[in-house]
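Numbering (the numbering used here), first residue to last: 109 to 468. Glycine included, C-beta positions come from ideal geometry on N, C-alpha and C. Encoded as C-alpha cells, the structure appears first; notes follow it.
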Amino acid sequence: MRLGQEGRRRGLRPVGQPLPGRRGEPQAQEGERAAQARERDTFKSERLLRQQAAVGARAERAKFAFILLSEGVWTISEMCSALGVTRQGYRAWRKRPPSAHDRRDGELAAMISEVRAASRGIYGAPKVFQELRKAGARTSRKRVARIMRESGWAGTTRGCARRPKGGAKQAAPQPCAAPDLVKRDFSADGPDRLWFADITYVRTRQGWLYLAVVMDVWSRMIVGWSMSASMAAELADDALKMAIARRRPGKGCVHHSDHGSQYASLLLGKTMREAVIEPSMGSISSPWDNAAMESLMGVIKAECVHARTFESRERAALEIFEYIECFYNRVRTHSALGYLSPEEFERANRPEDDRRLKAA
C-alpha cells in the first residue's frame with residue numbers, strides 16, 4: 109500500500125521519528141542518568157563493604173586479644189564459641205607477628221597513657237592529639253580517638269552543679285551596684301585589662317567550703333583566689349588583694365562580677381578604689397553576663413571536685429590549691445589559647461616591656 113502525499117498529510121510519521129509529545133532523546137538521557145546513578149550506588153556499596161570489612165577485622169583482632177588476656181579464666185573453646193570466632197583463627201592470630209599498624213597503635217597507646225597521666229586523666233581525644241603533636245608524634249585525631257575508645261579512655265566532662273541549701277544562698281543584692289562595662293564581650297587585647305570574679309562552693313564532710321576566684325580573661329590565668337568556711341565580704345576581698353599583689357594592674361583594669369553582696373560590699377569597693385580598678389557588674393539574675401566565670405567554675409568542679417569526697421575543709425583547700433597553682437595555671441591547655449596553658453600563653457604573648465615592669 110502506498111501512502112504518498114495523502115498519508116503524510118494525515119500525520120503518519122516516518123520510521124525512526126519520535127512521536128509528538130513523547131520522550132525520544134530526553135528518554136535516552138534519562139536512561140544514561142539512571143545508569144550513572146546505579147554505578148554510583150555500586151561504588152558506594154563497595155566502599156561501605158570495604159569499610160565494614162576493616163571494622164570487622166579490627167573487631168576480630170579485639171576478640172582475639174580478649175581471649176589471650178582471659179586464658180585461664182575460661183577455656184579457649186568457650187570463649188571462641190561465645191565471641192563467634194574459630195579456634196583455628198585464634199591460633200593463627202597468635203602465631204602471626206603483629207603488623208606495623210598494630211605496633212604503631214601500641215606505641216601511640218603508650219604515649220596517650222603518658223599524656224593522660226600528666227593531665228590527671230582529664231584530657232579527651234582533641235587535647236591528647238594536640239599534646240602528641242607537641243611531642244612530635246605523627247598521627248591523626250581520629251586515630252587517637254579510636255585508640256582511646258578501644259582502651260576505654262575518655263576525658264572529663266562537666267556535669268550539673270547543685271546549689272547548697274540554707275546558709276549557702278547568696279544574699280540580696282546591694283543598692284550600690286556598678287554599671288555593666290563588659291556587655292558580654294569576654295575578650296581583652298592585653299593582660300590585666302579585664303578580670304572576672306565569682307564565688308563557688310565545695311561540699312566536705314565538715315560542711316561547705318567557699319572558693320572565690322579572680323581570672324584574667326586575656327590568658328585565662330587565675331590571678332587571685334581565696335577559700336573560707338564563710339561567705340563574708342572578706343572572701344572576695346582577699347582574692348582581689350592577691351590578684352593586685354601578684355599582677356599590679358595599671359589604671360583602668362575592669363573587675364567584673366555578679367551582684368553578690370560580697371562584690372557590692374564597702375570593703376571590696378575600698379580595695380578597688382585604692383588600686384584604681386573599675387567595678388563592673390552584669391544584670392541581676394543573668395548568669396550569661398558572667399558566663400566566662402560560670403565556665404571556669406564548671407571546669408574546676410568537674411576536674412577537681414566532682415567524684416571526690418573531702419573529709420575536711422582543710423583537705424579540700426589543699427586539693428584546690430594544688431589544682432589551681434600546679435595544674436590549671438601551668439599545665440592545663442585551652443583550645444581558645446591555641447592549646448597552650450595560661451602560663452605558656454602569657455610567656456609567648458606578654459609584651460617585653462610589661463615583663464620587665466612586672467619583674468622590677
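> What are the complete beta strand (DSSP E) segments, minimum 3 residues, inside the stretch 350 to 390?
Replying inline: Entirely contained in the stretch 350 to 390, the beta strand (DSSP E) runs reaching 3 residues are, in chain order, 362 to 365 and 386 to 389.
>> Taking the straight line between their C-alpha atoms, what separation do you get for Ala245 and Glu215?
In response: As a working note, residue 245 is residue 137 in the sequence shown. As a working note, residue 215 is residue 107 in the sequence shown. Whole-angstrom Cα-Cα distance: 10 Å.
> Run through DSSP, which three-state label would Tyr198 get?
Replying inline: Numbered from 1 along the sequence shown, position 90 holds the residue referred to as residue 198. Tyr198 carries a helical assignment under DSSP once its states are collapsed to helix, strand and coil.
>> What does DSSP give as the partner residue(s) for Gly332 in the beta ladder?
In response: Mapped onto the sequence shown, residue 332 falls at position 224. Residue pairing of Gly332 in beta bridges, as defined by DSSP: Val322.
> Hey, quick one: how far does the beta strand (DSSP E) through Phe304 stretch, first residue to last?
Replying inline: The count along the sequence shown starts at 1 and reaches residue 304 at position 196. Looking at the DSSP string, the run of the beta strand (DSSP E) that includes Phe304 is Leu302 to Thr312.
> Which partner residues does Leu448 have in the DSSP bridge list?
Replying inline: Taking the first residue of the sequence shown as 1, we reach residue 448 at position 340. For Leu448, which the question treats as bridged, DSSP gives the partners His442.
> Any idea what DSSP makes of Gly260, helix, strand or coil?
Replying inline: Along the sequence shown, read from residue 1 onward, the residue named residue 260 stands at position 152. Coil, per DSSP.
> Considering only C-alpha positions, which residue in the set Glu258, Glu419 and Trp333 is nearest to Met350?
Replying inline: Against the sequence shown, residue 350 aligns to sequence position 242. Just measuring C-alpha positions, the residue of Glu258, Glu419 and Trp333 sitting nearest Met350 is Trp333.
> Are the beta-carbon atoms of Asn398 and His442 separated by less than 8 Å?
Replying inline: Position 290 of the sequence shown holds residue 398. Position 334 of the sequence shown holds residue 442. With respect to His442, Asn398 sits apart: the two C-beta atoms are not nearer than 8 Å.
>> Please report the distance separating the alpha-carbon of Ala217 from that of Leu448.
In response: The count along the sequence shown starts at 1 and reaches residue 217 at position 109. The count along the sequence shown starts at 1 and reaches residue 448 at position 340. Straight across, the Cα-Cα distance linking Ala217 with Leu448 is about 23 Å.
>> Assuming Arg328 and Pro234 are in contact, meaning their beta carbons sit under 8 Å apart, how far apart are those beta carbons, in whole angstroms?
In response: For the purposes of this step, residue 328 is taken as the residue at position 220 of the sequence shown. For the purposes of this step, residue 234 is taken as the residue at position 126 of the sequence shown. No, Arg328 and Pro234 are not in contact; Cβ-Cβ is about 17 Å, not under 8 Å.
> When DSSP builds the beta bridges, which residues end up paired with Leu343?
Replying inline: For the purposes of this step, residue 343 is identified with residue 235 of the sequence shown, where counting begins at 1. Answer by DSSP bridge pairing: none, since Leu343 is not bridged.
>> Please state the DSSP three-state secondary structure of Gly115.
In response: Taking the sequence shown and counting its residues from 1, one reaches residue 115 at position 7. Reliability of the predicted coordinates at Gly115 is poor, the pLDDT of 48 falling under 50, and no value is obtained from them.
>> Is it buried or exposed, Leu426, if we count other Cβ atoms within 10 angstroms and call 16 or more buried?
In response: Counting from one through the sequence shown, the residue named residue 426 turns up at place 318. Exposed: under 16 other Cβ atoms inside 10 Å.
> Based on the DSSP output, what are the partners of Leu191 in its beta bridges?
Replying inline: Sequence index remark: in the sequence shown, residue 191 carries index 83 (1-based). Leu191 is not bridged to any residue.
>> Considering just the uninterrupted stretch of the alpha helix (DSSP H) at Ser221, what are its terminal residues?
In response: For this step, residue 221 is matched to residue 113 along the sequence shown. Residues Ala208 to Ala226.
>> For a test of the three-state rule: what should DSSP assign to Ala162, helix, strand or coil?
In response: Working through the sequence shown from its first residue, we reach residue 162 at position 54. Because the pLDDT at Ala162 is just 49, under 50, the model does not fix this residue reliably, and the value given afterwards should be weighed accordingly. Residue state, collapsed to three classes: helix.
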